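Residue numbering for the sequence shown follows the UniProt record's numbering, beginning at 1 and increasing consecutively.
Each residue gets a CB set at the ideal place from its N, CA and C atoms; glycine is no exception.
Model, not experiment: these values are computed from the prediction.
Some notes on the structure that comes next.
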Amino acid sequence: MRLTVAQALVRFLANQWAERDGVEQRLIAGVFGIFGHGNVAGVGQALAEQGAGTGDALPYYLARNEQAMVHTAVGYARTRDRLSTFACTTSIGPGATNLVTGAALATINRLPVLLLPGDVFATRVAGPVLQELEDPGSYDVTVNDTLRPVSRFFDRIDRPEQLPSALLAAMRVLTDPAETGAVTLALPQDVQAEAYDWPEELFARRVWHVARPVPEPAALARALELIRGSHRPLIVAGGGVAYSRACAELLRFAENHGVPVAETQAGKGALPYDHPCAVGAVGHTGTAAANALAREADLVIGIGTRYSDFTTASRTLFGRARFLNVNVTAFDAAKNSGAMLVADAREALLALDRTDWRADPEWTRQAAALAAGWQAEISRTYAGTELTQPVVLGILNEIAEDGVVVNAAGSMPGDLHRLWRTRDPKGYHVEYGYSCMGYEIAGGLGVKLADPEREVFVLVGDGSYLMMAQEIATAVQEGVKLVIVLVDNHGFASIGDLSESVGALRLGTAYRMRGPEGELDGDRLPVDLAANAASLGADVLRAGDPEALRAALAKAVASAHTTVVYVETVPGGGPGAQAWWDVPIAEVSELARTRAAREHYDEAKRDQRPYL
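Here it is in structure tokens:
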């Protein structure tokens, strides 16, 4: 079958499927692309020729920013439990390097996305081409090499003959829960347009079976021995619980054995928030309930978590507990010197549930009491009469009970982790592996594409909005309805608080005009973010008090069109950090605040454990 490399690539991708538990779905749901000279005559032509968006063809979506389209693919893949994703095609040069941040986000969060950046001429006959980086040390280096360290698989297709093996390797990594992340196939622009005689077998319908690894018997025996020797166990549920669709098994295990369950950002919603075993968020952004139990636990059972520094409160939280780590990757299962149970979360929980052991009944009662106390604290926090950020969250939580909230950066992830009430892991979508400003709107678009029947509430601060808001235009173009809650506190409130706590005096954290002394401490910037959102095609509602916000959200939900609800918040918050976070502070300073912060830092460092 004689096709160009790009035509072969598109035809191959359209015939790839993923299967788990007998259910098949398209592995590559479509292609996001921004075209330039490096991909328009290759991948662009191939998409146009196959009738993109019709029949068995790959649907094509026009994005506004290359980084954003990776975020959209990630939001889609997370909602689909890593069983389906998008491909993203770019030109060479800045289009390709714009992918780097999105690729890092995907790989850090263990989420699949296929990147197809254009590249310079493989033949080098026309070099240096427009946007080519010339390296005096090697003609083999291009800007696409910046994607190597943030990709789980990287290859450059310099000859048509290389394409089949590269494609098969790429699909293998995308569908392997232990290896998945960003996958990059760099495509020189001349090779994209080169014709080759392909075997028809390359384009046959291919199903990639996503395995559920079962526990190795000896490892399972060691895990059960640890559990039976425990009196005060605590489960830390991570994203792996959701991706494995193991929430029902986790609930049964917790009920059968009286084990409290704490949650990471990615694991939030693993149990319904009002279940007696659900003690809420754990770590630096955790609840008083979960963190009190974490300090007393004698065994931490981590399920599908990578133990970020926020989860462990920079290794100060878990006292002298031992660790049992259930994970599909040995890399994560080995963390904190824990006993390793390398297995699918659902299969592992089914195997562990067969023991007749139970936690100390007093421990179970204590956990339920602490959880109930924390829910009362949330209710008090939500009941404020001014538009503080927690009050905004409380009103949104009420309206969005059956929807999904999307967020990523600033102070809101911490408040959401502590306060947000959800009974469903798919009702909470906070990207906190890379905590990337600008993820929210693009990621929310991906969530909505993956689950079009569900109301998607994008919660974005003014700082993140100014980083990347243009995918509002993409949502409007595609008729994909989002409810975007734009919270304006006129700067970087989260980093402002952190800056003050480390003695950096909130430098560069407020959106202000330059004052008479040359500092950024003048009047607020005359920027109208609501007007900006309207210019991108969204309906805009402004809310100045709690009742107006409630009414605006109800109107946005009733609308069929993407709507931005703009709200300015006033200072004030709910419960703060429940545990420490290691942010090094200047060891010497002429500022008294910095010296005081350093003294507190040195004191906190004494509680860090090596987890050996």
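Do the segment 403–416 and the segment 452–462 make contact, defined as three or more Cβ pairs closer than 8 Å?
With a cut-off of 8 Å on Cβ pairs, the segment 403–416 is in contact with the segment 452–462, counting three or more such pairs.
DSSP has residue 615 in a bridge; who is on the other side?
Residue 615 falls outside the range modelled here, since the chain spans only 1 to 612, and no answer is possible.
Taking Gly414 as the reference, which of Ala400, Lys426, Gly427 and Ser435 has the closest Cα?
The residue labelled residue 414 in the question sits at position 414 within the sequence shown. If we check each option's Cα against that of Gly414, Ser435 comes out closest.
Take Asp402 as the anchor and find which of Pro164, Pro425 and Leu387 has the nearest alpha-carbon.
Taking the first residue of the sequence shown as position 1, residue 402 is located at position 402. Cα-wise, what sits closest to Asp402 is Pro425.
In three-state DSSP terms, what is Thr89?
Counting from one through the sequence shown, the residue named residue 89 turns up at place 89. Three-state DSSP puts Thr89 in a strand.
When DSSP labels each residue in this structure, what does Asp332 get in the three-state scheme?
Taking the first residue of the sequence shown as 1, we reach residue 332 at position 332. If DSSP states are grouped into helix, strand and coil, Asp332 belongs with the helices.
Keeping to the same chain, check which residues put their C-beta closer than 6 Å to that of Phe35; ignore five residues upstream and five downstream.
Your numbering for residue 35 matches position 35 in the sequence shown. Gly44.
Can you tell me which of the three DSSP states Glu568 falls into?
Working through the sequence shown from its first residue, we reach residue 568 at position 568. Strand, per DSSP.
Go ahead and pull the three-state DSSP assignment for Met468.
For the purposes of this step, residue 468 is taken as the residue at position 468 of the sequence shown. Of the three classes helix, strand and coil, the one that applies to Met468 here is coil, per DSSP.
May I ask which residues mark the beginning and end of the beta strand (DSSP E) holding Thr4?
Reading the sequence shown from its first residue, position 4 is the one you call residue 4. Run containing Thr4: Arg2 to Thr4, per the beta strand (DSSP E) assignment.
Please name the residue or residues paired with Gly491 in a DSSP beta bridge.
Here residue 491 refers to the residue found at position 491 of the sequence shown. Note: Gly491 sits in a beta bridge opposite Ala510.
Look up Pro233 in the DSSP assignment and say whether it is helix, strand or coil.
Counting from one through the sequence shown, the residue named residue 233 turns up at place 233. Strand at Pro233.
Could you tell me which of Gly479, Ser165, Ala294 and Ala475 sits nearest to residue 624, measuring between CA atoms?
In the structure as shown, the chain starts at 1 and stops at 612, and residue 624 therefore has no counterpart that could be examined.
Alpha carbons only, please: which of Leu115, Pro199 and Ala204 is nearest the one belonging to Gly181?
Your numbering for residue 181 matches position 181 in the sequence shown. The option with the nearest alpha carbon to Gly181 is Leu115.
Return the first residue and the last residue of the alpha helix (DSSP H) that Phe203 is part of.
One-based indexing of the sequence shown puts residue 203 at position 203. Looking at the DSSP string, Phe203 is not in any alpha helix (DSSP H), and its letter there is neither H nor E.
Taking Tyr196 and Val5 to be in contact with their CB atoms under 8 Å, please state how far apart those CB atoms are, rounded to whole angstroms.
Your numbering for residue 196 matches position 196 in the sequence shown. Your numbering for residue 5 matches position 5 in the sequence shown. The Cβ separation is near 7 Å, so the contact holds.
State the DSSP-derived secondary structure class of Asn291, mapped to helix, strand or coil.
Sequence index remark: in the sequence shown, residue 291 carries index 291 (1-based). Note: Asn291 maps to helix in three-state DSSP.
Could you tell me the boundaries of the alpha helix (DSSP H) in which Gly479 lies?
For this step, residue 479 is matched to residue 479 along the sequence shown. Premise fails: Gly479 is in no alpha helix (DSSP H) and is neither H nor E.
Leaving out the 5 sequence neighbours to the left and right, which residues in its chain are closer than 6 Å to Ala558 when beta-carbon positions are compared?
As a working note, residue 558 is residue 558 in the sequence shown. Here the set comprises nothing.
Grab the span of the alpha helix (DSSP H) containing Asp415 for me, first residue to last.
For this step, residue 415 is matched to residue 415 along the sequence shown. Start and end: Met412 to Leu419.
Using only alpha-carbon positions, find the residue among Phe32, Ala221, Ala14 and Asp545 that is nearest to Ala351.
The residue you call residue 351 lines up with position 351 of the sequence shown. When each option's Cα is compared against that of Ala351, the closest is Ala221.
When burial is assigned at 16 or more other CB atoms within 10 Å of the CB, is Leu29 buried or exposed?
Translated into the one-based positions of the sequence shown, residue 29 becomes position 29. Checking the sequence, you will find Ala at residue 29 rather than Leu. Per the 10 Å Cβ criterion, buried.
Do Gly433 and Ala266 have their C-beta atoms closer together than 9 Å?
Your numbering for residue 433 matches position 433 in the sequence shown. Your numbering for residue 266 matches position 266 in the sequence shown. Yes, they are a contact pair.
Ignoring anything shorter than 3 residues, give me the beta strand (DSSP E) runs that lie fully in the segment 140–208, in order along the chain.
Within the segment 140–208, the complete beta strand (DSSP E) runs of at least 3 residues are 153–156, 182–188 and 195–197.
Just mark Gln389 as buried or exposed, buried being the case when its beta carbon has 16 or more other beta carbons within 10 Å.
Counting from 1 along the sequence shown, the entry for residue 389 is found at position 389. Looking at its Cβ environment, which holds 16 or more other Cβ atoms inside 10 Å, Gln389 is buried.
Please return the same chain residues whose Cβ sits closer than 6 Å to the Cβ of Glu568, not counting the five positions on each side in sequence.
Translated into positions along the sequence shown, residue 568 becomes position 568. If we look at Glu568 and ignore the five residues flanking it on each side, its Cβ neighbours are Asp488.
By Cβ distance, which residues of its chain are closer than 6 Å to Leu167, with the 5 residues on each side in sequence left out?
Indexing the sequence shown from 1 puts residue 167 at position 167. The answer, listed in chain order, is Phe12.
Express the C-alpha separation of Pro188 and Ala504 in angstroms, rounding to a whole number.
Here residue 504 is taken as the residue at index 504 of the sequence shown, counted from 1. Here residue 188 is taken as the residue at index 188 of the sequence shown, counted from 1. The straight-line gap from Cα to Cα measures roughly 46 Å.
Determine the burial state of Thr90: buried for a count of at least 16 other Cβ atoms within 10 Å of its Cβ, exposed for fewer.
Taking the sequence shown and counting its residues from 1, one reaches residue 90 at position 90. Buried, because 16 or more other Cβ atoms sit within 10 Å of the Cβ of Thr90.
Which term fits Pro177, buried or exposed, when burial requires 16 or more other beta carbons within 10 angstroms of its beta carbon?
For the purposes of this step, residue 177 is taken as residue 177 along the sequence shown, with counting starting at 1. In summary, Pro177 is buried, with 16 or more beta-carbon neighbours lying within 10 Å of its beta-carbon over all protein chains present.
Please determine if the segment 513–527 and the segment 591–602 are in contact, where contact requires at least 3 C-beta pairs separated by less than 8 Å.
no
Run through DSSP, which three-state label would residue 625 get?
A query on residue 625 cannot be resolved here, the shown segment of the chain reaching from 1 to 612 and no further.
Among the residues of its own chain, which have a CB less than 6 Å from the CB of Gln7, if the five just before and after it don't count?
Position 7 of the sequence shown, counting from 1, holds the residue named residue 7. Within the same chain, Gln7 has close Cβ partners Ala46.
So, helix, strand or coil for Glu517, using DSSP?
For this step, residue 517 is matched to residue 517 along the sequence shown. In the three-state scheme derived from DSSP, where H, G and I count as helix and E and B as strand, Glu517 is classed as coil.
Alpha carbon to alpha carbon, how far is Ala383 from Gly394? Give it in angstroms, no decimals.
Reading the sequence shown from its first residue, position 394 is the one you call residue 394. Reading the sequence shown from its first residue, position 383 is the one you call residue 383. C-alpha separation (whole angstroms): 8 Å.
Between Leu591, His600 and Leu445, which has its C-alpha nearest Phe86's C-alpha?
Position 86 of the sequence shown, counted from the start, is the residue given in the question as residue 86. Answer by Cα proximity: Leu445.
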